[in-house]
Structures are given as structure tokens and as C-alpha cells.
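Enquirer:
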Amino acid sequence: MIINKYLVVSMFLFAVSCKKETPKTITNNVKSDTSKVPQKENTSSFDKINGFVKESFVISCGSGCAISYSPESIKQINNTIDVTFNVKMYEDEKITDTYDEAYIFSYNDLGKLDKIIKKGESEDFLGTLMPDAQRSFLDFGNNLTANKGIIFSKGKKQNNSSDEKEYRICKLPFNFDDFYNICYDNSEKCSERYPSYTFPKNKDILDYYSIDRSPTSFFLLPKLNNIQPIICAYTDSDIEGYELITAEKGKLISSLKIAKMDGESIQDFNITKEYLIILYKAKNADDSKKEIGRYKISDNGNIIKL
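Per the numbering used here, the sequence shown starts with residue 174, numbered consecutively.
1) With 16 as the cutoff for other CB atoms within 10 Å, does residue 444 come out buried or exposed?
2) Given this structure, state the Cα-to-Cα distance separating residue 367 from residue 344, to the nearest angstrom.
3) Among 250, 430 and 262, whose alpha-carbon lies nearest the alpha-carbon of residue 231?
4) Between which two residues does the alpha helix (DSSP H) harbouring residue 374 extend?
5) Exposed or buried, residue 395, counting other C-beta atoms within 10 Å across all chains shown (16 or more means buried)?
6) Check whether the Cβ atoms of residue 475 and residue 428 sit closer than 8 Å, and answer yes or no.
7) Quick one: what does DSSP say residue 266 is sitting in, helix, strand or coil?
8) Please say whether residue 288 and residue 295 have beta carbons closer to each other than 8 Å?
9) Does the pairing of the region 413–424 with the region 378–387 give three or more beta-carbon distances under 8 Å?
10) Considering only the beta carbon of each residue, do residue 313 and residue 299 sit closer than 8 Å?
11) From which residue to which residue does the beta strand (DSSP E) around residue 407 run?
12) Quick check on residue 464: buried or exposed, where buried means 16 or more other Cβ atoms within 10 Å of its Cβ?
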């Protein structure tokens, strides 16, 4: 009987010890998981700030690096929405830094996102981002108004038709050497002489003409009747390229590759005031250029070789 009593007491103490250790193990596991990069934010219709859906997003900043943006404050002031994010930086799924950043999302009278300014700065924040990060911020800004159903105050009556909007047009001639020399050294003079639009911020312009392209930027040239010539620039990689496209509302008509820099040769162009398209090629920047072709835009918008 004495042995049985000792056995019962020992088993009781062992059981109590196990119960005390279990919660400690669970707590440690939860703490470890919270330091990892959130794979997907689950937001319900009840997660709102001042009526705006609280939607978080994550962007990549390189191999093993990610940044998450979670809105903490959202305030609408006329045609702008001020958003303060809690920002967390991750390396290899572990938090390395956390801080707050504030942005101003500006919209036109039709409710279209116009630009995003980081507080304390003056230039458009989207212009500093890579395309994937641009898309994340654009989606967030567009969802702000879509989820709340905001209607901004209307000013002067505007027309949705793309041909009636006042777009910035590049005057001809468009000489590639002149463009490169001006835009490489002087951004202000470049925007005056060779105004351009960035992608995806101004994707709606290309969509209007049913142009399924993803350029770094693009230039609108003077119209030929109802034909809109556009130069698309692809400059995000080591191989740079330029493409001339002709289009009209809802229809891409014709296209021609007019420039390419791949490290082995240089092909560039000149488009005269009369819309004569002249292509040149050289082995390198020191080599003299040779003309390799002439083209024009026909009355129906096709780019044809002369």
C-alpha cells in the first residue's frame, strides 16, 4: 500500500508539470509566426477606417526582401485622401524595421487617381517605383474610392473621350540624338521638348487605343487626321528599344521597331515634320551612322516602307 501511495503521488505531480509546460510552448510558436512576411492580408467588410476598407499590401524589394504597407489612418480632404501606413520591412521573412509613412492620393473630378505624393516631398512618388510596386500603389488608390463609392465634386464639365482631353504632344521633328542629349542632362527641358507618359500610371491612354503593350514610357505625336502615332519606349532592361505605333480609337493599326541598343549595335531614328521616318544603324557610339530604311504613314494609318 505504501508503494501504491508513492506511485499515485508521483503520477499526479508529473501530470501537473505537463499542463504547466504546454501553454509556454504554444505561446512561443505564435510569437515566431508573427515575425514572418504576411502572405496575404485577409480583410473583412468590417475592417474599416473612417468608412474606407482597411486594405494592406506587400511589395518586393529584392531577393528575400519585402515591405508591407498597412493603413493606420485614412482621411479624405476634398479631392485628396491622406493615408498613413504602418510600414514593416522584412528580410528572409523576419522583421528588420518598422515605421510610419504618410502619402497623399490625389484624384481628378472624375474620381481617377491622378498622382501620389509622399508627405515631405514634391514629385510624384509613382515615378520612383518599379512597375510592380507602381501597380500595388495604383490598385490601393483606386480601391480606396471604389470600395467607398466616393463621388468627387464636379468642376468644369469634362468629356471622357480621349480625343477631347488635352494631352501633351511631342512636336516634330523627333530626332533620337537630340532627344537623348536633352533628356540625359536636363529633365526639365526634356519634359518641355519631349513630354512623355509613364506606364502603368497612364495605361488608360493605351487602353483607349487598344494597345496591349507595357512600355516604360510613351510619347504622343501629332495626329494625322484620326490616326494617333505613339512612340513606346522600353528602357527597363539592358537592351533598350523604341517602337512606333499607329492607332485610332479601339484599334491598333500598325507598328514598327525604330530603335534598339543591345550593346552590339545602335539603331536609332529621326521623324521629320512631314512624318518621314528615317532609320539609322551604327556599330557603336563612335561609329558613323548609316541609313537603313525610310518609312511613311499612309492615309489609313499603315506604316509602309519607301
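All C-beta atoms, glycine included, are put in the ideal place defined by N, C-alpha and C.
Expert: On the basis of the supplied data:
1) buried
2) Just so you know, the alpha carbons of residue 367 and residue 344 end up roughly 8 Å apart.
3) 262
4) From DSSP, residue 374 is part of no alpha helix (DSSP H); its letter is neither H nor E.
5) exposed
6) Result no, Cβ atoms of residue 475 and residue 428 do not sit closer than 8 Å.
7) Reduced to three states, the DSSP call for residue 266 is coil.
8) The answer is no: Cβ separation not under 8 Å.
9) yes
10) Residue 299 is positioned such that its CB atom lies no closer than 8 Å to that of residue 313.
11) 401–407
12) exposed
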